[in-house]
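Residue numbers (our numbering): 332 to 490.
Ideal Cβ positions, reconstructed from N, Cα and C, are used throughout, including at glycine.
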Amino acid sequence: MVRTLWIGVGATVVMDLWAVLRQRLFGIPSLDYALVGRWLVHLTRGRFFHDPIGKSPRVAGEGVIGWTAHYLLGIAFAAVLLAGWGLEWARQPTLAPALIVGIGTVVLPFCVMQPAMGAGFAARRTPRPAMARFQSLVTHTVFGVGLYAAAWVARVAGF
């Protein structure tokens, strides 16, 4: 359990550091996780689709809710990795399984979050869909690298 938490949080931190670097180097803004929180709160009220989420009413605590969900998903995806490849993978991490899971996580934004938040399937309703898709794919690949790196740190730290 501790290992799953460590790997999931570590990989999510790597992903967030990538977002900061991308913003500073290329001026590409990160996802506003408050919008994720807003979507989740509206979801509990029965509203799945928004056109777009930025026009939906703000909700109290949406930033904290969105960031918390972001990290919980990172932990959940680490659990998927360990469920699929076992604790032996965590004891001796290899890059391929981490990349498979990391890149595989792009399904969530393409098929659920982007359509629900008004961007369309795989960001097709955004001004530059191909660029949005590319950025999502790169970010989730970085998450996969983060899974691998966090597993190595956990191994060295003795978790």
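Item	Value
Reference Glu419; option with closest CA among Arg459, Gly392, Phe490, Ser361	Phe490
Enclosing alpha helix (DSSP H) for Val473 [first to last residue]	460-488
7 Å Cβ cutoff met for Ala482 and Pro440	no
His401 and Met448 closer than 7 Å at C-beta	no
4-residue-minimum alpha helix (DSSP H) runs that sit fully inside the stretch 409-456, ordered along the chain	426-435
Ile396 to Met462 span [Cα, whole Å]	27 Å
Cut-off 7 Å between Cβ atoms - residues of its own chain near Tyr479, not counting five sequence neighbours on either side	Pro424, Leu426, Ala429
Where the alpha helix (DSSP H) containing Gly358 begins and where it ends	Premise fails: Gly358 is in no alpha helix (DSSP H) and is neither H nor E.
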